[in-house]
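Each step along the sequence shown adds one to the number in the UniProt record's numbering, with nothing skipped, and position 84 is 84.
In this text, a Cβ means the ideal position worked out from N, Cα and C, and glycines have one as well.
Have a look at the structure below, then the notes.
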Amino acid sequence: MTKTIGTHSGAFHADESLAVFMLKQLPEFKDADLVRSRDMETLDKCDIVVDVSGQYDGTKYFDHHQRGFEEIFDLDGEFVTKLSSAGLVYKHFGKDVIRAILKDASVSDADIDLLYRKIYKDFVEAIDANDNGIEPYSEPIAEKPKFKQFGITLPALVSTLNGLVKEESERDAQFNVASQLMGTAFHNLVYTAGTVWLPARAKVLMAVEAALKNGDEQRYLEFDESCQWKDHLFTIEEEKGIEGRFLYVLYPTPDSVRVQAVNEKDSAFKSRKPLPEEWRGLRDEELSEKSGIPGGVFVHAAGFIGGNKTLEGALEMAKKGALA
């Protein structure tokens, strides 16, 4: 017998649009019919009900509008945002949803745990906050923004789809468009996290462990290809109790080996230790002469990145930079 997912009729929002998409990734709801209604007799006949009913039991009913509802994601006390229907469905089914999306990838249970936290933090929490009217800042921002950006958020784009409804009979079709919009963004994030972000973590961890074997003198990490190391280095340093240990990251490009300064944890631009000031803005022979390292290619004027023609030269740049 075909299962049914119930949600409310009328204007739709980002949270239930995403909640329905997530449920449809699961084998038991993959081919489920969608029922949109506010009639409780109708909804009670559904197999699962989201964003309506005034009930939350973690099994069939996943509403967040009822008085006294204060459910949060609450992984080790990290999250305090009240859940919407999206967060409720994700809290109970998120790991299985991630497994379904990454069914062709090799991911362990420990990997799933990492992704479960990451996807909530990077995506679902913002949907919860938006639907519950929670501002991203504790205090209002005094400065007037230079441009308007709220019209391009996913919840705003979902909201505009309601405006396309001329007859109420058309609303279900537009809800499906909204659910697919939310779902495409969510699916892409999960898939990229599982196939790009997660393997990058393994590479960074391996590079850190290799560096630690060489003693306290090694303040750089070496990669055999470019990878998303910034997303993982700070976390791995914290896990190992070596915060601030690494100053530079080395990786090859087609014509050189780059030496990139590690940025400070909460800054996109400030480096832990930029390359030496006397090298900055220099190129080629001038750089080689000034640094005393053959094969110099360049050092950026801000000192956050440089390059050498050889790995040996890049290693020497990192070593000298750390001691400068």
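Problem - Range covered by the beta strand (DSSP E) that runs through G306 - result: I305 to N308
Handout entry: Other residues of its chain near E316: CB distance less than 6 Å, five sequence neighbours each side excluded
Key = Sequence-distant partners of E316 (beyond 5 residues in either direction) whose C-beta falls short of 6 Å from its own C-beta, in its chain, are I293.
Problem - C-alpha gap between K103 and V190, whole angstroms - result: 12 Å
Exercise for the section: Pull up the distance between the alpha-carbon of K203 and that of L250, whole angstroms please. Expected result: 13 Å
Problem - Assigned secondary structure, L189 (DSSP; H/G/I helix, E/B strand, else coil) - result: helix
Handout entry: DSSP state of D33 mapped onto helix, strand, coil
Key = strand
Handout entry: Contacting residues, own chain, Cβ-Cβ under 6 Å from P136 (five flanking each side not counted)
Key = none
Exercise for the section: Compute the distance between the beta-carbons of L75 and I98, then report whether it is under 8 Å. Expected result: no
Handout entry: Inter-residue CB distance, V208 and I236 (contact presumed, cutoff 8 Å)
Key = 5 Å
Problem - DSSP-derived helix/strand/coil call for E41 - result: Note: E41 maps to helix in three-state DSSP.
Problem - Where A86 sits in the DSSP three-state scheme - result: helix
Exercise for the section: Alpha carbon to alpha carbon, how far is A14 from R67? Give it in angstroms, no decimals. Expected result: 21 Å
Exercise for the section: Output the boundary residues of the alpha helix (DSSP H) element that contains I127. Expected result: E125 to D131
Exercise for the section: Can you grab the Cα-Cα spacing for the pair E285 / S256, in whole Å? Expected result: 15 Å
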